[in-house]
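Chains as they are written, first to last, in this note's numbering: chain Z, 1 to 289; chain E, 1001 to 1289; chain Y, 2001 to 2180; chain H, 3001 to 3180; chain B, 4001 to 4090; chain F, 5001 to 5090; chain S, 6001 to 6383; chain D, 7001 to 7383. Virtual Cβ for every residue (Gly too), placed ideally from N, Cα, C.
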Ligand SMILES: Cc1ncc(C[n+]2csc(CCOP(=O)(O)OP(=O)(O)O)c2C)c(N)n1
Ligand SMILES: Cc1ncc(C[n+]2csc(CCOP(=O)(O)OP(=O)(O)O)c2C)c(N)n1
Ligand code: SF4
Ligand code: SF4
Ligand code: SF4
Ligand code: SF4
Ligand code: SF4
Ligand code: SF4
Ligand SMILES: [Mg+2]
Ligand SMILES: [Mg+2]
């Protein structure tokens, strides 16, 4: 079992209580059950993240989770780490401040597609461009869950939402392509069904130097699913099962997602380049030298 | 001579005054000379735009220019068309409002790299994603001219600016790549030296259905040039001459620009896909049908 | 005062909010009274206790929140635990008998039980339990007229489901009458 | 009142702003007086008329703008046209004689001409015309001491150019002395 | 209905025995655990929890291969395997 | 110093005669027109304009092929060719 | 006005929805927005309705974009609106300023929730009232209306559009989560009975048109883009031609006019609802939901024999300064319930000039006032 | 404080630069910003200085990002600042609110220019004073200081950092284009003479730590990220644990404390400079550059025999309400020059309660006051 591999000794001891879920050590138990709907995928995404944390070997006192606003944005409130629930769209620049102020921290941004890509899109591309040292985990449920299921920048054309009653009439972003074009050094996409690979990807992202980006395709049965013939989380998982195709190393340009059809998954970018902090220390050297 | 091809009859008559520059009909003459420095490339970019307008065959009463704030942002103030000098970074969404409110208009956004890509970056990617019908002309002078030459999202690594005294330590955007990844249907880059091709590209962009994007690499001798060993506009033009390489159809991913070295120019994307307005009329049809 | 205050509660997904809307609409549009309808949710995205409040009055409703609710309709245990204490002395408490365990009632309360969800299931659609409840409510109280309520049901439910819902309404109404 | 008001003008790129800064610094830091230095530009990005204002006083400078400037240094025609009228009666006007055509002077003004740019060119660097002008100014007025001004020049110009600038300063100073 | 019976990475697994714990009050009855358990160990119970959901129950504990998939797929941290009896398989 | 003597698209040009107009007060002396004129028609004058810049002047009008490049490259709308005398070349 | 697509009749309607229908009745054919609780229902209604009536709904990437898109649409010649709540309202402030500076008609609805910051997303607040007045940088005046019911949200949204066209300025509708999420009967009159104010068009030919040359009432006529006027519009300080001129004189001329066009026309803009003020000793002065919830305690106080009248600010900005001054001269006290820690109460206090006591009945948000607290404040005011 | 890299001595320094040096002297080691006239020189100085002293300069993509990055850096354990002007200030309002709600120390400098909108980018204004108080949504209190000279810009930037740590709240330095772009002598004391307020750290072990349990002065100690406290911070209404609780009760408890921690400590926060008030008939009440330019007309008025004293608001927010009330009881009038159409003048008027006349000497911006206008207002005040 994976938790055997747990590295933080503090955690192992905490974990001995038999009636306690092995992930509870990293959760704010007193806040469970969480607010997410039955069949919502955010909890699965969080599970994979927690698992990755338990395996990552980092000092968990130095791991910080930053979220924006949204259903996914509530993640920060459930992890038992230093965690920040910032303003809508601003998780990434907040994380930038944290990381640059204290480079010892491992900063993880965990938020939704609307938060990170709609209102927060500019910060995403600029942080990726600068290659700021952080991991961004984006739960893409194709809509704004928290506010009642509106159309968003990842909603597939034709999808019904509360503000696209005649079908979404916008082209969606292909997030891996956008992240890659902006400069991210690690870019992956998984569905909430492919939990082991997702966990592994998060682990890789956590260990990556620079800006890593993991998109998680996730069910929102209550809103997105309801209007688009996938009324349960299970139905959405089944769709991922039927249509999920793993294509590691594919040019992310080819990884568009439509209303039906394939969902391409995999690790698309995994490169090395100097990080913002690398450059900062160069500047420091120059200023004193 | 090109102005023989002018289509708008109103203009031909206006143009008969012999002592008048043939572009003055489309300029606010009473505001010339403009505020741009000696050797600044923005005037060249504007010249090419005016030339393209004179050739485009559009009803110029319906052509609207929208700028944000910056040296380039002043363009709106010099063209003798309906023109808007909006807030910093917001030219594109303003243009979106104009265009959707009155689809008869031809809307051109003309602004700087800081305006469109730093503070305005989110609007750029979202308008490109939606394929909103507009032409965006971005003068990239590798810095914020108006505020005194600070580092920006296109400043090449190592470049000295007023806020990167030890050399820029950020990776810059590759704008054609970003625009393409966001969904633009026409993407080109030219320097202010390649005026004929630039003019032609602007013309193509004006006639494109959907979101077209033209990047213009342009000298800012006063600030960027001064600190980076290209103290005159001429020196920068010479650099474009020496290092400009035309590569039509290249994957824009390959079109990075550094502090020295090649500047790849050309038309990188020229595709067709349904525009936002196309989709809007579909929605209209569905709502009534 | 002619002011009637009604609270309907249950969990998200039971159609509680729609029920409140229908009562309000029945009063305001069809009975030509004044009605104010408000709603409240718990912190959960969906699910969890939710509550619909309706105030019906002959005069304009100034204070828009419940002050002293006289009717409480409860369709879940969680909601019962949370809201039962808010019912006024002498008030009417209606519960879905299969979903709510009332235990010992505190104070002077008139309790009516109805197997709304079960009756709805008999119609083949559990989802119309809320409308069964409305039929029952219309039968046992006179806050709105039965005709108004029926009309409001008809015009408020999703197109194509009118017939089903009216049957549900009838079922609740009949259940109450039969019990009389 | 011990308040002296000085305006230096020219076009962008002539180092007018630096000159103003140097005078202020000379007064404030080296002469231990009070000095306030402000600057203004036209609408142009660069180029166009610009102006530097320095107020030097024995007491704290409360009103920070020029009220009645007594010294005006002009290094371009455009600036002359714009600012000449602001000089107070009896004020001192210093112009770069090769760049400014003064025409008929209105009012009671003391005019001094100096070929600052030409003198700078003699040093091989037109760019130090502003410092030549400072040398001249230091010689013909006593708003700041010559030592203070020289010290301020030395500590304000870009590193590596101190010597050149001090020579320029000397050149302006000598020119004035010679003309005495 | 079962969607998928083969665990994602079955090749790499030891097949130990574990005990399945279900924190019923956390469960929201999504049935991910039931549907994706490769060994058909779980089923949805008749029981209601306080929130009105049907938590799963163990149908066939012996069949469990302790793959942990139920734990990973559960969005509610409501199910886990303990490993005290972990027995590596040769 | 000349950077570039061949106009970008010389192949496609007719070679007509034109008159070069210079709006001196608009000029900011960048010398783009001078440097990139393919026929070496222009040179920077000694003259100052009111803003203190040296506008170009015509050195060799006959050499002008009316290519319009000076007009296109001028950032100040300060130079243009008129076309009254345009004579298409066979 | 073209009444096509406008609903008519009696509806049991949520406030947010009534707001959307009010806009439609006023001729609004463009909505740009970004979802936010508790304003989302307005957007959702618009998303459904706009395509039905040939209008445009566009959901932007954020509120910065929403606001400026609305301004763009207005210059495109269409009546345009957005709706938001606190956090989004804060993000709209810069572009709101551009709308004021360029004199662009449009309507911005703020369905207030509990703040500051993310605060109480689903619950009521009235903490943005001063922000409505002062939230953008620089000196300006603004018009803001405060509805107390879904019906009034309908009515005042129409009025907001009319004022915005009449005075060529963005107009704010400052409602709140209670009114916005409350459902009541809303009566929508037939289109021909709805008064709408058409855009003031230039009467001069294009070459004579100066976009910022004002008429006598200080408001300049407005050409739309694409009509051949070839105008230039900037957020910089500008002259009558619309050209930027960066000096104190031009600034003075422009900003004074912008401010005065609202101050001088305040009698036309300000609407108040007064009740029982003739012999009042205490004035219950409030607005929006708080004015409404205070009616009951006022009634109770009257029954106790206290002479309490009500002054409801339907227009909150410009502030009804003179009326307060008049009343201050003859009443003992003002009681001002509002869901914040004192905003409009400060203005009442200022205008009361020490002639009458001013008591704030404030709280931080999340609920409407308990009647008892308001009643107690009224009682104390006459003690 | 670690004085390394701190300058010491006398400098002829531009206000904006003095601001940067003040920050450095206060211990600031993080600057995030976005260029804007007339605040850019602060950023430029920081870009040069930060790497020299082991601090961080980061230029963000906009002001929204700048503000929240500063807040992030503060939680990272470093004193942090940003500087901007009107348009950028408007964009910072939402995140400023988050800083207030989460009690995050940091400093935000606004070098005011002429507004509204893009207005007069290079010229002076004081039009953002009310925005400083009310610019973010929801109810809150704020601290804002207003320097009148480069030296004071240095001094007050230090004070701003100290107040921000002491009261765990963002503090505003509201300066303007005149002071920011003015160059004067600035004396920087040796580091050991500069008083700095260290962050209030928790004294309890991590498992006992409640991030929002306040000390007696209503301010909670603050753990930084990465120190093992495992706290949760949110802009939602939250309890002492920092957990979101969405109800009126929690809201009341939290917001009341946030407001009261400033109101109750106002005597510590408010700084005034008073001159000749003992026998004054007229009080010239102003702040920032306008207080300074008024000194000369005050002097002229005194020479004319008018008894005029000066009250300079060094702290503008919280407003020195009580002092104004006291003075109003015994003087004839207040004259309030400010570069706007009446902002602080409204507060003075409110607090004067009709006991003394209040005259605004306002204008739209682009220049400082003409002395004659202020003098004339003083003369009229005693007539
Ligand atoms: C400035 C601002 N605008 C809007 C909102 C309202 N809002 C809250 S969450 C959200 C969208 C969340 O969508 P997403 O990030 O996809 O998260 P999900 O709920 O789908 O997980 C919005 C628009 C807000 N809180 N702040
Ligand atoms: C909200 C806001 N922030 C900052 C500014 C200041 N500002 C004006 S122009 C500009 C940058 C312009 O750069 P760019 O777009 O590249 O234009 P350029 O001057 O280089 O042509 C900035 C930061 C502003 N006007 N508004
Ligand atoms: S609304 Fe959608 S995203 Fe939000 S908790 Fe429910 S299922 Fe998940
Ligand atoms: S500062 Fe640079 S970009 Fe601006 S006008 Fe001058 S040269 Fe052009
Ligand atoms: S661990 Fe869970 S998923 Fe795996 S076999 Fe056992 S019960 Fe099934
Ligand atoms: S996966 Fe979890 S929440 Fe879903 S049914 Fe199983 S135990 Fe319950
Ligand atoms: S048109 Fe201009 S560039 Fe071309 S040849 Fe003549 S002078 Fe030279
Ligand atoms: S290109 Fe234009 S501005 Fe430059 S030198 Fe020639 S005429 Fe003058
Ligand atoms: Mg989402
Ligand atoms: Mg630029």
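At a cut-off of 7 Å, would you count residue 1223 of chain E as near ligand 4, judging by its Cβ distance to the nearest heavy atom?
Translated into positions along the second chain, residue 1223 of chain E becomes position 223. Residue side-chain check: residue 1223 of chain E places its Cβ nearer than 7 Å to a non-hydrogen atom of ligand 4.
Just checking: is the beta-carbon of residue 6368 of chain S within a distance shorter than 8 Å of some beta-carbon in chain Y?
The residue you call residue 6368 of chain S lines up with position 368 of the seventh chain. Yes, because at least one Cβ of chain Y sits closer than 8 Å to the Cβ of residue 6368 of chain S.
Under 8 Å, Cβ to Cβ, is there at least one residue of chain Y near residue 140 of chain Z?
For the purposes of this step, residue 140 of chain Z is taken as residue 140 along the first chain, with counting starting at 1. No, its Cβ sits nowhere closer than 8 Å to a Cβ of chain Y.
Which same chain residues end up closer than 7 Å to residue 6377 of chain S when comparing Cβ atoms and leaving out the 5 residues on each side of it in sequence?
Numbered from 1 along the seventh chain, position 377 holds the residue referred to as residue 6377 of chain S. Correct list, in chain order: 6335, 6359 and 6361.
By the criterion of Cβ-Cβ separation under 8 Å, what are the contact partners of residue 2051 of chain Y in chain B?
Here residue 2051 of chain Y refers to the residue found at position 51 of the third chain. Annotation: residue 2051 of chain Y has no Cβ neighbours in chain B at a cutoff of 8 Å; minimum Cβ distance is about 16 Å.
What does residue 4059 of chain B reach in chain Y if we use C-beta pairs closer than 8 Å?
For the purposes of this step, residue 4059 of chain B is taken as residue 59 along the fifth chain, with counting starting at 1. The premise fails here: residue 4059 of chain B is roughly 25 Å from chain Y at the closest Cβ pair, so nothing lies under 8 Å.
Is the Cβ of residue 21 of chain Z closer than 8 Å to any Cβ of chain B?
Here residue 21 of chain Z refers to the residue found at position 21 when the first chain is read from its first residue. Yes, residue 21 of chain Z lies at the interface with chain B (some Cβ there is under 8 Å from its Cβ).
Can you check whether the C-beta of residue 2036 of chain Y is within less than 8 Å of a C-beta belonging to chain S?
One-based indexing of the third chain puts residue 2036 of chain Y at position 36. Taking Cβ atoms only, chain S reaches closer than 8 Å to residue 2036 of chain Y, which makes this a yes.
Within 8 Å of any Cβ in chain Z, is that where the Cβ of residue 7236 of chain D sits?
Walking along the eighth chain from the start, residue 7236 of chain D turns up at place 236. Output row for residue 7236 of chain D: interface = yes.
Which listed residue (S:6104, S:6006, S:6057 and S:6346) has its alpha carbon closest to that of residue 6224 of chain S
Looking up residue 6224 of chain S in the seventh chain gives position 224. For the residues S:6104, S:6006, S:6057 and S:6346, the minimum Cα distance to residue 6224 of chain S belongs to S:6104.
Does any residue of chain D bring its CB to less than 8 Å from the CB of residue 1067 of chain E?
Position 67 of the second chain, counting from 1, holds the residue named residue 1067 of chain E. Residue 1067 of chain E does not count as touching chain D.
Quick one: is the Cβ of residue 1146 of chain E within less than 7 Å of any heavy atom of ligand 4?
By 1-based counting over the second chain, the position of residue 1146 of chain E is 146. In this structure, residue 1146 of chain E has its CB closer than 7 Å to one or more heavy atoms of ligand 4.
Between residue 1151 of chain E and chain D, is any beta-carbon pair separated by less than 8 Å?
For the purposes of this step, residue 1151 of chain E is taken as the residue at position 151 of the second chain. Judged by the 8 Å Cβ criterion, residue 1151 of chain E is in contact with chain D.
In the DSSP assignment, what are the bridge partners of residue 7334 of chain D?
Your numbering for residue 7334 of chain D matches position 334 in the eighth chain. Answer by DSSP bridge pairing, in chain order: D:7283 and D:7358.
On the three-state DSSP scale, how would you describe residue 1240 of chain E?
The count along the second chain starts at 1 and reaches residue 1240 of chain E at position 240. In the displayed model, residue 1240 of chain E falls within a helix according to three-state DSSP.
Contacting positions in the region 2139-2167 of chain Y - beta carbon closer than 9 Å to chain S:
Within the region 2139-2167 of chain Y, the qualifying residues are 2152 and 2156.
Flag this pair as yes or no: are the beta carbons of residue 3168 of chain H and residue 3140 of chain H separated by less than 8 Å?
Here the question's residue 3168 of chain H lines up with position 168 in the fourth chain. Here the question's residue 3140 of chain H lines up with position 140 in the fourth chain. If you check the CB distance, residue 3168 of chain H and residue 3140 of chain H do not come in under 8 Å.
Where residue 6139 of chain S sits in the DSSP three-state scheme
To locate residue 6139 of chain S, count along the seventh chain from 1; it is residue 139. In the structure shown, the three-state DSSP call for residue 6139 of chain S is coil.
Assess, as a yes-or-no matter, whether the region 133-153 of chain Z is touched by the region 7065-7084 of chain D under the definition of 3 or more beta carbon pairs within less than 8 Å.
No contact exists between the region 7065-7084 of chain D and the region 133-153 of chain Z.
Note down the Cα distance separating residue 3132 of chain H from residue 1237 of chain E, rounded to an integer number of angstroms.
Here residue 3132 of chain H is taken as the residue at index 132 of the fourth chain, counted from 1. Here residue 1237 of chain E is taken as the residue at index 237 of the second chain, counted from 1. As the crow flies, the alpha-carbon of residue 3132 of chain H is around 34 Å from that of residue 1237 of chain E.
Residues bridged to residue 110 of chain Z by DSSP?
Translated into positions along the first chain, residue 110 of chain Z becomes position 110. BP columns for residue 110 of chain Z point to Z:137.
May I ask you to list, following chain order, the residues of the region 7210-7226 of chain D that have a beta carbon less than 7 Å from some beta carbon of chain H?
Per Cβ criterion, the list is empty.
Which residues in chain Z have a C-beta closer than 8 Å to the C-beta of residue 7393 of chain D? List them in chain order.
The structure shown does not extend to residue 7393 of chain D, since chain D is modelled only from 7001 to 7383, so the question has no answer here.
Tell me, to the nearest whole angstrom, how far the beta carbon of residue 6122 of chain S is from that of residue 6043 of chain S; I am working on the premise that it is less than 8 Å.
Translated into positions along the seventh chain, residue 6122 of chain S becomes position 122. Translated into positions along the seventh chain, residue 6043 of chain S becomes position 43. Not confirmed; about 16 Å, so no contact.
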